[in-house]
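Here's the structure, in structure tokens; my notes come after.
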Amino acid sequence: MNSIKNNVQLIGRLGAKADYKTVKGDTPMVRLNLATNEVYKNNKGEKVEDTYWHNLVAFGKTAEVIHKYTDKGSEICIQGKLVNRSYEDKDGQKRYITEVQISDVLLMGDKSQSNS
């Protein structure tokens, strides 16, 4: 049961090419945004589609795979956990962010399929 306490699974499309860099010397890292869609009917029976954006981060081999094999529009499935962190912006203000730290990624298809 401990493994389901902080578990996130998402399938969506990348909003842009993942931002790749190395941290702590030589550890690969990517930051990316993932869009997921929810389709439902409202009270009037009209079809409504909502898009949600998720901040994601990955390290190591997972980061390398995402960097090498994905681009804007790529559909991926991820599994990970929610993490919270804080930082100081350029004005010295403390900022807080929640993001999904990816542990596993599955490449779902070619980005060109999203345009058909």
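According to our numbering, the sequence shown is numbered sequentially starting from 2.
Built from N, CA and C at the ideal position, the CB exists for glycine as well.
I'd like the list of long-range same chain contacts for residue i, defined as Cβ closer than 6 Å, with 5 residues on each side in sequence excluded.
i: Tyr21; result: Val31, His68
i: Val58; result: Arg32, Glu100, Gln102
i: Gln10; result: Gln80
Using 8 Å for Cβ pairs, my map puts residue i next to residue j. What's the rounded Cβ distance?
i: Arg86; j: Ile98; result: 6 Å
i: His55; j: Val84; result: Contact doesn't hold; Cβ gap of about 12 Å is too wide.
i: Thr71; j: Leu108; result: 7 Å
Compute the distance between the beta-carbons of residue i and residue j, then report whether it is under 8 Å.
i: Lys73; j: Lys6; result: no
i: Ile77; j: Leu15; result: yes
i: Ile36; j: Thr52; result: Note on identity: in this sequence residue 36 is Ala, with Ile being the wrong assignment. Contact flag set, yes.
i: Thr28; j: Gly61; result: yes
Tell me whether residue i sits in a helix, a strand or coil according to DSSP, three-state version.
i: Thr37; result: strand
i: Gly61; result: helix
i: Lys69; result: helix
Sorted by chain position, which residues of the same chain lie with C-beta nearer than 8 Å to residue i's C-beta, five sequence neighbours on each side aside?
i: Lys82; result: Asn7, Asn8, Val9, Val101, Gln102, Ser104
i: Gly13; result: Leu35, Ala36, Thr37, Asn38, His55, Glu76, Ile77
i: Lys42; result: Lys48, Val49
i: Arg96; result: Ser87, Tyr88, Glu89, Asp90
Go through its chain and collect everything with a Cβ distance to residue i's Cβ below 7 Å, but skip five positions before and after it.
i: Val66; result: Val106
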